[in-house]
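J.: Here you go, one structure.
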């Protein structure tokens, strides 16, 4: 009876997951290819699909199947899938179908409103939509939260299971103190200057993605306002952006998104469409992109390869040799844009957003006061006055899509990446030489074995502690940053 019920349950879940992936493709299309006048129709389409998905996720038959299955008769992977299905079922059945559809509609409409507000340079134009999105997310959090769980922690759990804001505070407090210290010691360097052809930048981006293990036959690279990665296994798409005066933006956006994509492409294919055949958490996901982007992509050894690639395409660089390019890539100075921030200031950007969105969700900050709160906190943390909303509160797409609880996973990813790098160095004493030659096959294979392949077979913290051989801590990241910038 158990095997029959589990087979029926898994077939149901696989079809639901397939529909979720269709939703992902609709989102990708909205960001890359959709004509502007398609926005209203896309919001309706997204809401309709979300309603169908929610109905399947809360189908009473799921509860019946769960009741019939004896987990002791399943192997480890199937038992883990069963646990994940049960958790999702118990959570989603608390959410009315109308709210699920409304959240999907607002996510689509919100991103359209965000783009329009950015063009107008006006937070006031976006505030009414953000108010609607925030209230819907509060309603959702109220539906799914457990006993004693805050609204914010309920949302955080959807991106980083078993993590709490209290644990984040314990991790971020020593990190923040160290970042302020390191930022005060770091030195400036001459920036990379010139004009860099768009087509050549995109050609370099595709070559770099391949260097880091991206399978172009299982994905594609396109342009978007805000770079992102989407999809799973055989169809994982990445986007980047191009500024002809700043090729490093394209280069590091591409390497970052490639980290996400390579993770998705290397999850065990035999578990496709099952709960285990899914990424472990957004913190783990971010660890892969940040390790590619920073510990490898911004390292001195990698500059030998990147300098050759850039001079082949763009001629002599204003910075001169590979040492000077390394200095330019690793300039440390406060800036307005999170995605363009150096490694020292990046986490200060994230922690600011974490505090602001937590206050929004918990009702300590209202949308009407968000721009002022953002500007005040930025001035306090970075010593600079925000000149406009594009450099301030409207720079990130996340809140327009309702992704409250997502931001802290970026810093978690940095913590995990630093620990993973220590483990890589222990297993590859010649790691720097491999990076210098852009010979990353075995390094990526190590990540496939220790992280990617497992999908969601293990909880995030357990997976990372097994891979790295050490408990989650801010110390490896602090040590890495001090060694590099102190």
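Numbering (my numbering), first residue to last: 2 to 487. Even glycine gets a Cβ: it sits at the ideal position worked out from N, Cα and C. Since this is a predicted model, take the numbers as computed values, not measurements.
1) Name the residue from 352, 329 and 16 whose alpha carbon lies nearest to the alpha carbon of residue 170.
2) If you draw a straight line from the alpha carbon of residue 45 to that of residue 18, how long is it in whole angstroms?
3) In three-state terms, what does DSSP make of residue 368?
4) Do the CB positions of residue 242 and residue 29 come within less than 8 angstroms of each other?
5) Would residue 303 and residue 259 be called neighbours here (beta carbons separated by less than 8 angstroms)?
6) Beta carbon of residue 231, beta carbon of residue 480: below 8 angstroms?
7) Looking at residue 215 and residue 453, is the spacing between their C-beta atoms short of 8 angstroms?
8) Which runs of the alpha helix (DSSP H), 4 residues or longer, sit entirely within the region 19-58?
9) Which whole runs of the alpha helix (DSSP H) in the region 324-383 are 4 residues long or more, in chain order?
10) Quick one, which of 91, 247 and 409 has its alpha-carbon nearest residue 329's?
11) Once the 5 residues before and after residue 387 are set aside, which same chain residues still bring their CB inside 6 angstroms of it?
12) Is the CB-CB distance between residue 138 and residue 362 below 8 angstroms?
13) Find the nearest neighbour of residue 277 within the set 458, 108, 51 and 325, judged by alpha-carbon distance.
14) Would you check if there are 3 or more beta carbon pairs closer than 8 angstroms linking the region 295-302 to the region 93-105?
15) For the candidate residues 279, 245, 205 and 42, whose alpha-carbon lies nearest to that of residue 22?
16) When DSSP labels each residue in this structure, what does residue 431 get in the three-state scheme?
17) Can the beta-carbon of residue 11 be found less than 8 angstroms from the beta-carbon of residue 275?
18) Where do the N-terminal and C-terminal ends of the beta strand (DSSP E) with residue 236 fall, by residue?
19) Report the partner residues of residue 223 according to the DSSP bridge assignment.
20) Whose C-beta lies closer than 7 angstroms to the C-beta of residue 141 among residues of the same chain, with five residues either side of it excluded?
21) Which residue marks the beginning of the alpha helix (DSSP H) containing residue 446, and which one marks its end?
22) Any contact between the region 422-441 and the region 405-412? By contact I mean 3 or more CB pairs, one from each, below 8 angstroms.
23) Once you ignore the five residues that flank residue 350 on each side, which residues in its own chain have a CB closer than 7 angstroms to its CB?
24) Could you give the residue range of the alpha helix (DSSP H) that holds residue 185?
25) Determine the direct distance from the alpha carbon of residue 115 to that of residue 39, and round the result to whole angstroms.
26) Just grab the DSSP bridge partners of residue 232 for me.
27) Helix, strand or coil for residue 201? Go by DSSP, reduced to three states.
28) Find out if the Cβ-Cβ distance for the pair residue 32, residue 229 is shorter than 8 angstroms.
29) Could you tell me which whole alpha helix (DSSP H) segments of length 4 or greater appear in the region 60-87?
30) By how many angstroms is the C-alpha of residue 254 removed from the C-alpha of residue 42?
31) For residue 49, which residues of its own chain have a beta-carbon under 6 angstroms away from its beta-carbon, when the five flanking residues on both sides are left out?
32) Residue 113 to residue 180, Cα distance in whole Å?
33) Suppose the cutoff is 6 angstroms on Cβ atoms and the five residues either side in sequence are ignored; what does the same chain contact list for residue 206 look like?
34) In angstroms with no decimal places, state the Cα-to-Cα distance between residue 464 and residue 172.
35) Do residue 132 and residue 69 have their C-beta atoms within less than 8 angstroms of each other?
36) Starting from residue 268, trace the alpha helix (DSSP H) in both directions and tell me its first and last residue.
T.: Taking the geometry as given:
1) 352
2) 20 angstroms
3) helix
4) no
5) no
6) no
7) no
8) 40-58
9) 344-362 and 371-383
10) 247
11) 376, 379 and 393
12) yes
13) 458
14) no
15) 279
16) coil
17) yes
18) 236-241
19) 240
20) 96, 100 and 104
21) 442-451
22) no
23) 339 and 342
24) 166-186
25) 15 angstroms
26) 237
27) helix
28) yes
29) 61-69
30) 30 angstroms
31) none
32) 35 angstroms
33) 241, 251 and 255
34) 18 angstroms
35) no
36) No alpha helix (DSSP H) holds residue 268; DSSP gives it neither H nor E.
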